[in-house]
Structures are given as structure tokens and as C-alpha cells.
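Reading the sequence shown from the start, the letters are residues -20 to -1, 1 to 451 in mature numbering (1 follows the signal peptide of the UniProt record, and there is no 0). Some notes on the structure that comes next.
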Amino acid sequence: MKTQVVFTFSLLAAAMNASAQEYVPIVEKPIYITSSKIKCNLHTSGDFDNTRDWCNAGASIDVRVNVAQMRSVQSATAAGFTPDAKIVRFTVDADKPGTGIHLVNELQQEHSWFQSWANRRTYIGPFASSYDLWVKPVSGYTPKKARDFPQNENKNYQHRDTHGYSIGVNGKVGAEVNKDGPKVGGEVSGSFTYNYSKTLVFDTKDYRINNRSSLSDFDISFEREFGECDELRRQELGCYFTAAHWGSGWVFDKTKFNPISYANFKPSYDVLYETPVSESGTTDFEIGVKLNYRARFGTVVPSALFSVYGPAGYSSNSTTVKQRVRVDWNHPLFEAEAHVTLQSLSNNDLCLDVYGKDGDQKAIGGEVNGWSCHGNWNQVWGLDKEERYRSRVAPDRCLTVDNDQRLTVEQCGANLAQKWFWEGDKLISRYVDGSDTRYVLDIISGQTVGVSPESSATHARWKPTLQQIKL
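Right, here's the structure in full:
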């Protein structure tokens, strides 16, 4: 098998020890396109008068689509430039469990009518004429494809292709989940390049790859390249051959049907969409599989000197299975800043938590206090370049000190009451009240958190902890 590297980039990150988990803001979710007990209703002969289920309700489609959502920030390194974009990636990997399309265990090759060896009708099937797969936006915002793979290829495409895509990640190289997040200017404004690569295996045998994709739709077909004449046991001057009247051979050569045409075909593909960071709507994607299958009919007809063997048409049908996946471009996973919890070092289990207002965590003016650490989105924050901690409960909510030194989330602005900076393990507010007092984040009592004068704060040790994000 030939090895080809399609896209390669450097991963500019420090080596991790075996127990460490690298911080990468990518959320992956498998979507299964499945159907079982599929019937293959095809005609029984070239007379096309009756049909039967050639698969005995045993065909199946089981394709695992990995859907990855991520945010890339703009960066320029020795590895190249990365886009400032929201990204979703759909990957089918033949090496992963749960990927395969099955018709039957064995091809059927028999007679549909028999008078003599010199005069008879045969059939062979069922086999897949093509496997069609697609990803396309069907409602909401229509994003554009950044790239897709594979491209058009002839049959017997045997490659192991590493297909990579570089994203810019806010933070520092070597950052690890559950370790310290950004604190100082260089870390907050910095970024590193992460190569998000997939290795896909292709062995298409008798099938060519036909990529019919457009600007936003990904549409690919693995098409059987043999026609009915190619599938004959042999050919003479035309699409037929001759044999003695007593010959007992078949019209079609069963060995020309590779098992991937009926027993188990494992597709692979990779398609990636980019969306502007300003997009806040949703997109419904349709991901689907269509199995097109056939049975081939042949005739053996006597002539004066010999019998003539040739094709006599085919019967075809198809089965389609599809799913819808909604991508919310306004989801907090698409925020640019590194995702952290603000965890107390003065309490065994307390994190800064958006309680909300009247049961609405997204409300402007929502209360912020402490709560047991659980890492859900109302405990996740991101420190931006303006020294603001942006809550992940909604796109425009920043940690704010009110006039009573309590904490709320408000619309983000330039107010000093929304600006914070670190000195060691103290998170200091730039809030001013007319005195020269410096206020620090502090546990006032129990789970009540606010700001206190630095000189009197007794539970004011905190750390930003990087979180593995999730949907």
C-alpha cells in the first residue's frame, strides 16, 4: 500500500507525559448513520415480472461520522498562518469501529430458468453499483467548505492519507487540562498552532471515487467501474462469448466481484467548513448514505454451431439513510479565549459560578457567587485582551463588580469594574470607589464571593484552571 501525506503541519507544542491531557478547545461527537434488517427487493430474472428480497432482510448500513467543532484564532508561526474562524469538521474513518455497509455474505449465482445447458437464463447478485455519501447544509446559515477529501480517483485507490488542518489556540504551548490557564499579557494575547490531523485509509478495489462537491455541499460516490461486459467470463468480438452446447459455465465471472461490493465496504472522507467569527445563527447539516445495488441477468442461447453467452439487463434499487446535525455558531465553545474555571485555593471545593437572575443564567445583572466545582458552562470563563473575564453563559457577559462590591455578569464594556489582573494567586479588580483601596476576589462567607480590600481579605487565593470543554 502506497503512503501519501496530503497536508502536514508542525505541532508547536511541548511533549506531554503519559498522564497529561493537552489543552485543545475541540469538541468531538460521533453521529451514527445506521439501519439494519434492510431488504433488497430486485427482480428475479430478465423477464422483470417478479421481485424478491435478495438480502433476506439482512443488509445493513452502519457509518460513524465524527463531528468536531472548534474555534481557531489568527496566528502566524513558522508553521504558517491560521484563520480566525469558527470551524466544524465531519470525518468518516474506515479504521474506526461502527463503520461498514453490508449487503450479503455471499453473492448468489444461479439459474432463473433452465431448459438445457445450451439454453438457459442466469443471474448474479446482489452487489453495490455505488456507495454515495454526503454532508450538506439544509437550513439556517450556509457555511462554505474550506476543504474536502478524497478527490476524484480511479479504481484500486490504495492509500493511507494523513489529512491535517492547523488551528490557532489561545494560550501557551504545552498547556494542559486542569493546569493553570492564562494570567499575564503574553499568555492572554498569545496563541500557538495545533495541527488537528486525521489518517484515513482507502482501498477501493473495483470502485472509482467521484467527488461531485460544490461550494457548500460535499457529495462523494464510490462507483463500481466494471460494466456488464467487463463482468463476463470472457469477451470475443463484442459483449458476448461463445462455448460448446454442452458447456456448463456461467455468463458472469464471480471472481470479478470483490467482497467490498457486497460483504463489507468501509468508506472514508473528511470535510471541513469555516464560518466567520461574527456568525451567531445555526446550521442544520444533513449527513447521509445511499446504497445503490443491482442484480445482473445473463442468457445462454443456442445457435447452429455453439451457444452464445451474453448479458440480459439488470435490476436495481437503493436504500437511503440520513441524519440531521445542528451546529449552533453562538455556542460558547466557539469563544476565542482559553476556557477556564476560577477555582478557590482557600476552599477545598469552590468555583466562581453564575447563578443568574430569576432562574435565567444568561440574564444581564445575573448574580455570581461560589459553588461546588462541576465545570459546566456557567462556571467557565475566558480572560480576553481587555483584562475582562467573559462568562460562557452568553456571548456578551463579563464579570463585573457592582457598587456594593458584589459580583454580577453584565454586558461587556470598558468599565474598570470589569477589568482584572493577577498578582501571584490573587485576582485583583481595577474597580475604584474614590479611595486608594485595592480590591481582590475573596470568599466573604460560605459560598458568597465578592471583592474585599486586599488588606482585610482572608480567602483570596485563586487559580484559573484550564477545562476540557464539552457540548
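The beta carbon of each residue, even a glycine, is placed where N, CA and C say it ideally should be. These numbers were taken from a predicted model, which means no experiment stands behind them.
Note that the stretch 299 to 319 touches the stretch 360 to 370; at least 3 beta-carbon pairs, one per stretch, sit closer than 8 Å. Around the Cβ of K246, a 10 Å sphere holds 16 or more other Cβ atoms; the residue is buried. As computed with DSSP, W402 is found in a beta bridge with L407. The beta carbons of N328 and G80 sit no closer together than 8 Å. With a cut-off of 8 Å on Cβ pairs, the stretch 431 to 443 is not in contact with the stretch 192 to 199, counting fewer than three such pairs. For a cut-off of 8 Å, the C-beta gap from Q447 to N349 is around 19 Å, too long to register as a contact. Going by C-alpha positions, S15 is about 13 Å away from S298. W114 is not a Cβ neighbour of D233, given a cutoff of 8 Å. Contact annotation, T263 with G120: C-beta distance approximately 5 Å; criterion of less than 8 Å satisfied. In the structure shown, P375 adopts coil according to DSSP, grouped into three states. Contact annotation: the stretch 268 to 277 touches the stretch 100 to 110, with at least three C-beta pairs closer than 8 Å.
Relative to G414, the option among A397, K124, S425 and G404 whose CA is nearest is A397. For V257, the closest alpha carbon among the candidates P282, S52 and R306 is that of S52. In the three-state DSSP reduction, F314 falls in the helix class (H, G or I). Assignment of A56 by DSSP, reduced to helix, strand and coil, places it in the strand class.
Annotated as proximal: S295 and F28, with beta-carbon spacing under 8 Å. Burial is judged here by how many other beta carbons sit within 10 angstroms of a residue's own beta carbon; K450 has fewer than 16 and is exposed. Nearest neighbour of E86 by Cα position, chosen from W97, I67, S92 and F107, turns out to be F107. Residue state for W351 is assigned as strand, using DSSP reduced to three classes. When Cβ pairs closer than 8 Å are counted between the two stretches, the stretch 63 to 77 is seen to touch the stretch 41 to 55, the count reaching three or more. Across the structure, R306 and W34 are spaced so that their CA atoms are roughly 36 Å apart.
Residue state for P63 is assigned as coil, using DSSP reduced to three classes. In terms of Cβ geometry, Q323 and V373 do not form a close pair [threshold 8 Å]. Taken through DSSP and simplified to helix, strand or coil, I240 comes out as helix. Around the CB of A284, fewer than 16 other CB atoms lie within 10 Å, so the residue is classed as exposed.
Annotation: the continuous beta strand (DSSP E) that includes S15 extends over I6 to I18. Residue pairing by DSSP puts T380 in a beta bridge opposite T388.
In terms of Cβ geometry, A37 and H82 do not form a close pair [threshold 8 Å].
Annotation for R213: no beta strand (DSSP E) segment contains it, and DSSP assigns it neither H nor E. Closest in C-alpha terms to P375, from the list S436, N358 and A224, comes N358.
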